[in-house]
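Student: Under my numbering, read the sequence shown as residues 395 to 920, first letter to last.
Ideal placement from N, C-alpha and C gives every residue a C-beta, glycine not left out.
All of these numbers come straight from a predicted model, not from anything done at the bench.
Once you've had a glance at the structure underneath, I'll fire off some questions.
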Amino acid sequence: MTLPDQQPTDLETTMSDVPHYKMLIGGEWVDSAERYEIRSPATDELVATVAKAGVTDVDAAVAAAKASFEAGEWRRTSPEDRANVIATVAGRLYERMEELAVLQTRENGATIRVTGALHLGLSVMQLQYLVEVAKSYQYEVAGPDVTAPLPFSGIVRREPVGVVAAIVPWNIPLLTLVWKVGPALAAGCSVVMKPDEHAPLVCMELAKEFEAAGLPKGVLNALVGDGEPVGAHLAGHPDVRKVAFTGSTEVGKAILRQSADTVKRVTLELGGKGPNIVLEDADLSVAVDGALYAAMANNGEACEAGTRLLVQSSIAQEFTVRLVERARTLTLGDPLDPGTDVGPVITKEAETRILGFLERAKAEGAVAVVGGGRPQGAQYETGNWIEPTVFTNVTNDMDIARCEVFGPVLSVLTFDSVDEAIKIANDTDYGLSAGVWSQDEEKAIDVARQLEAGMVYVNDWHVINPNYPFGGFKQSGLGREGGPHSIDEYTESKYIAIDRAGPIENRPFALVIGTPPPSAPVQAGA
Ligand code: NAD
């Protein structure tokens, strides 16, 4: 939503009932002529306004980032001191956890339990872990001294890539952002971050915290703009050396294509259609809740959700009865209420799109055994709502099993043998997450090894852990975030070779350019 042509004079007082967020460019908070209205997906209440960036703002932000990188103050700051700035920000997020969890819930509708534990809690843990990684990171390592065939030694350096564009979506904004900004800053890069235009507020709070923690001007720039043209302009900017993107597979492919012209480094975290396999020896007292948690957490708006539930035929009837009973107890409503399990979806457009999926699934023969539409009742008159929905009679060729629905919708499929389960699970263009439920851990791990996914959860789901890498196979992405190697994604490796062979006759040059002619004696006075 955009308010046209409002002058940026004294916005804080003219719209004093809600905060206004400006852009951070070159260390200054600057405003724009146009602004976004950020409204609660549950109540439509105005939460804040945000400066709406245009492509000229992107140019200014990239120029500021480039200038700060070339000035070199940040990259020459010791790794320890850079890590300490990140630690300060982690501490501030921790102190502000409750306040920011409420803000996150108000801007994107994720339930307060999820924004507290996942959005804020995991982001803080991620940054804290990164601090440890950054302090022990090997920015320069002396290689082995070699004596044969030549005496020489080498140094391997990891140098910051330069200006990084960090582009994130609205569904889990803070975590997807710290995964990028954290290691980029740890490495000594300069960054232009672009949160999504639907839910940018907590991300902008992160920018404020980095600024307050003492980052030099221009090292972190933050602006909010539409995907087209602003995100595309940023991703394609010739002075951006690396694009770190989380979002849809469609946009990820466009970024990858665009990056070819300037051979940019690219990390892509894209969509998913997670298969969740329940073997007949699973502990159903855990697996039933686990299946709903996999699909419905974050209102089903999670890239690594378990949206295809594959249940072994021998237990399918009992499992489905228990699943349906439990799904009917899920509370849909006010995401700020700690008793709520599922909140609203992000926009009216998302609601309409998901309702379209539900109708097509029914037309293709799937049966909505729970939910299946928009909820009725006064509390749902405003906001964007989809009933928590469970479909049975789903086959893997249906749209509902192949496309990312991105709402609280779970599809149940059945299989006879483990081999068949693996085949169905891998029959997708995506490869982000997968899961296996079994009381036989060895068997579950054996299945996990055969699944084409970046994360396979055994007897659980959403077990995202800062110590482990996150990312996808196939069309779910490129590269990994988090884990012990996250800084590698923001550095270039440089090998410095130091030859100590001495005089030319000790060198193998002659092998390639021939034997040098004997040098003529230098004449005195010549
Ligand atoms: P989206 O791709 O439309 O938007 C994501 C971000 O990209 C936003 O900031 C948007 O403004 C920007 N953008 C849009 N078009 C652009 C373009 N042409 N060039 C550059 N930037 C552009 O994604 P969405 O639909 O809003 O978000 C949901 C998607 O994100 C889902 O597909 C979900 O699976 C995915 N996601 C993936 C992960 C992961 O880690 N793999 C995590 C969260 C979300």
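If I measure Cβ to Cβ from Ala581 and keep anything under 6 Å in the same chain, skipping five residues before and after, which residues do I get?
Tutor: On the sequence shown, position 187 is the one that residue 581 refers to. Excluding sequence neighbours, Ala581 sits near Pro554, Ile881, Tyr884, Thr885.
Student: Would you list, in sequence order, the uninterrupted alpha helix (DSSP H) runs of no fewer than 4 residues that lie entirely inside the segment 508-564?
Tutor: Counting whole runs of 4 or more residues, the segment 508-564 contains the alpha helix (DSSP H) stretches 517-530.
Student: Are the beta-carbon atoms belonging to Ala689 and Leu516 less than 8 Å from one another?
Tutor: Here residue 689 is taken as the residue at index 295 of the sequence shown, counted from 1. Here residue 516 is taken as the residue at index 122 of the sequence shown, counted from 1. Not closer than 8 Å, so no.
Student: Using a Cβ-Cβ cutoff of less than 7 Å, which residues in the same chain neighbour Ala819 once the five nearest sequence positions on both sides are dropped?
Tutor: The residue given as residue 819 occupies position 425 in the sequence shown. Cβ within range, chain order: Pro669, Ile671, Leu704, Ala828, Leu845.
Student: If the criterion is Cβ atoms closer than 8 Å, does the pair Thr509 and Gln498 meet it?
Tutor: Numbered from its first residue, the sequence shown carries residue 509 at position 115. Numbered from its first residue, the sequence shown carries residue 498 at position 104. Result yes, Cβ atoms of Thr509 and Gln498 sit closer than 8 Å.
Student: Hey, would you say the C-beta of Ala648 is under 7 Å away from at least one heavy atom of the ligand NAD?
Tutor: In the sequence shown, counting from the first residue as 1, residue 648 sits at position 254. Flag set: Cβ of Ala648 near the ligand NAD.
Student: Which term fits Tyr889, buried or exposed, when burial requires 16 or more other beta carbons within 10 angstroms of its beta carbon?
Tutor: The residue labelled residue 889 in the question sits at position 495 within the sequence shown. Tyr889 is exposed by the Cβ-count criterion.
Student: Quick check on Leu650: does DSSP put it in helix, strand or coil?
Tutor: Here residue 650 corresponds to residue number 256 of the sequence shown, with the count starting at 1. Helix, per DSSP.
Student: Let me check you understand the geometry: is the CB of Leu487 closer than 7 Å to at least one non-hydrogen atom of the ligand NAD?
Tutor: Within the sequence shown, the letter at position 93 stands for residue 487. No, since every heavy atom of the ligand NAD falls outside the 7 Å radius drawn around the Cβ of Leu487.
Student: Starting from the Cα of Ala459, find the closest Cα among Phe713, Met792, Val586, Val596 and give me that residue.
Tutor: Locating residue 459 in the sequence shown gives position 65, where the first residue counts as 1. For Ala459, the nearest C-alpha among the options comes from Val586.
Student: Give the secondary structure of Tyr430 by DSSP, where H, G and I count as helix, E and B as strand, and everything else as coil.
Tutor: Residue numbering aside, residue 430 sits at position 36 when the sequence shown is read from its first letter. Tyr430 falls in the strand class under three-state DSSP.
Student: Measuring only from the beta carbon, is Lys588 closer than 7 Å to any heavy atom that is part of the ligand NAD?
Tutor: Counted from its first residue, the sequence shown places residue 588 at position 194. Lys588: yes, Cβ under 7 Å from the ligand NAD.
Student: At the level of alpha carbons, what is the spacing between Val857 and Ala629?
Tutor: Here residue 857 corresponds to residue number 463 of the sequence shown, with the count starting at 1. Here residue 629 corresponds to residue number 235 of the sequence shown, with the count starting at 1. C-alpha separation (whole angstroms): 30 Å.
Student: Measuring only the C-alpha atoms, how far is Leu568 from Val596?
Tutor: Counted from its first residue, the sequence shown places residue 568 at position 174. Counted from its first residue, the sequence shown places residue 596 at position 202. Those two C-alpha atoms are separated by around 7 Å.
Student: Less than 6 Å between C-beta atoms, sequence neighbours within five positions excluded: which residues of the same chain meet that for Arg469?
Tutor: Taking the sequence shown and counting its residues from 1, the one referred to as residue 469 is at position 75. So the qualifying residues of the chain are Pro554, Gly582.
Student: Using CA atoms only, rank isn't needed, just tell me which of Leu730, Val715, Arg843, Pro632 is closest to Phe785.
Tutor: As a working note, residue 785 is residue 391 in the sequence shown. Out of Leu730, Val715, Arg843, Pro632, Val715 has the C-alpha closest to the C-alpha of Phe785.
Student: Figure out for me which residue from Thr505, Ile480, Thr482, Ala481 has the closest Cα to the Cα of Glu492.
Tutor: Taking the first residue of the sequence shown as 1, we reach residue 492 at position 98. The option with the nearest alpha carbon to Glu492 is Thr505.
Student: Would you call the CB atoms of Ile907 and Phe546 closer than 8 Å?
Tutor: Walking along the sequence shown from the start, residue 907 turns up at place 513. Walking along the sequence shown from the start, residue 546 turns up at place 152. Contact flag unset, no.
Student: Starting from Tyr687, follow the alpha helix (DSSP H) in both directions and report where the run begins and ends.
Tutor: For the purposes of this step, residue 687 is taken as the residue at position 293 of the sequence shown. That run of the alpha helix (DSSP H) goes 678-690.
Student: Do Pro738 and Gly448 come within 8 Å of each other at the CB atom, strictly closer than that value?
Tutor: Taking the first residue of the sequence shown as 1, we reach residue 448 at position 54. Taking the first residue of the sequence shown as 1, we reach residue 738 at position 344. No, these two residues do not count as a Cβ contact at 8 Å.
Student: Residues in the same chain with beta-carbon distance under 7 Å from Leu397, minus the five sequence neighbours each way, listed in chain order, please.
Tutor: By one-based count along the sequence shown, residue 397 stands at place 3. Because Leu397 sits at a pLDDT of 40, beneath the cut-off of 50, its placement in the model cannot be relied upon, and the following sentence gives the value as read from the coordinates. Answer for Leu397: Glu428, Arg429, Glu431, listed in chain order.
Student: Pull up the DSSP beta-bridge partners for Gln498, would you.
Tutor: As a working note, residue 498 is residue 104 in the sequence shown. Its beta-bridge partners do not exist; DSSP assigns none.
Student: Are the beta-carbon atoms of Gly612 and Gly420 separated by less than 8 Å?
Tutor: By one-based count along the sequence shown, residue 612 stands at place 218. By one-based count along the sequence shown, residue 420 stands at place 26. Yes, Cβ-Cβ distance for Gly612 and Gly420 is below 8 Å.
Student: Where does Leu704 sit, in a helix, a strand or coil, going by DSSP?
Tutor: Looking up residue 704 in the sequence shown gives position 310. In the structure shown, Leu704 sits in a strand (DSSP, three-state: E or B).
Student: Helix, strand or coil for Ser880? Go by DSSP, reduced to three states.
Tutor: Residue mapping note: residue 880 aligns to position 486 of the sequence shown, counting from 1. Ser880: helix per DSSP, three-state reduction.
Student: Determine the DSSP secondary structure at Lys667, reduced to helix, strand or coil.
Tutor: For the purposes of this step, residue 667 is taken as the residue at position 273 of the sequence shown. Three-state DSSP puts Lys667 in coil, outside helix and strand.
Student: State yes or no: is the C-beta of Leu514 within less than 8 Å of the C-beta of Leu487?
Tutor: Residue 514 sits at position 120 when you count from the first residue of the sequence shown. Residue 487 sits at position 93 when you count from the first residue of the sequence shown. Going by C-beta atoms, Leu514 is nearer than 8 Å to Leu487.
Student: How should Pro902 be labelled, buried or exposed, when 16 other C-beta atoms within 10 angstroms of its C-beta is the threshold for buried?
Tutor: Against the sequence shown, residue 902 aligns to sequence position 508. Per the 10 Å Cβ criterion, exposed.
Student: Do three or more CB pairs link the segment 636-651 to the segment 850-865 at distances below 8 Å?
Tutor: Flag = no, the segment 636-651 and the segment 850-865 do not touch.
Student: Provide the residue span of the alpha helix (DSSP H) that contains Phe604, from first to last.
Tutor: Residue numbering aside, residue 604 sits at position 210 when the sequence shown is read from its first letter. Residues 595-606.
Student: Please classify Thr570: is it buried, with 16 or more other beta-carbons within 10 angstroms of its beta-carbon, or exposed?
Tutor: If you number the sequence shown from 1, residue 570 lands on position 176. Buried, since its Cβ has 16 or more Cβ neighbours within 10 Å.
Student: The ligand NAD and Pro563: does the residue's C-beta get closer than 7 Å to at least one heavy atom of that ligand?
Tutor: To locate residue 563, count along the sequence shown from 1; it is residue 169. Within the cutoff, so yes.
Student: Cα separation between Asp399 and Val444?
Tutor: For this step, residue 399 is matched to residue 5 along the sequence shown. For this step, residue 444 is matched to residue 50 along the sequence shown. With a pLDDT of 38 at Asp399, under the threshold of 50, the modelled position of this residue cannot be trusted; read the value that follows with caution. Answer to the nearest angstrom: the Cα atoms are 13 Å apart.
Student: For Glu836 and Asn853, I'd like the C-alpha separation in whole angstroms.
Tutor: Position 442 of the sequence shown, counted from the start, is the residue given in the question as residue 836. Position 459 of the sequence shown, counted from the start, is the residue given in the question as residue 853. C-alpha separation (whole angstroms): 12 Å.
Student: Taking the continuous alpha helix (DSSP H) assigned at Tyr380, which residues delimit it?
Tutor: Missing from the structure shown is residue 380; the chain here goes from 395 to 920 and no further.
Student: Give the secondary structure of Gly503 by DSSP, where H, G and I count as helix, E and B as strand, and everything else as coil.
Tutor: One-based indexing of the sequence shown puts residue 503 at position 109. Here Gly503 sits in coil by DSSP.
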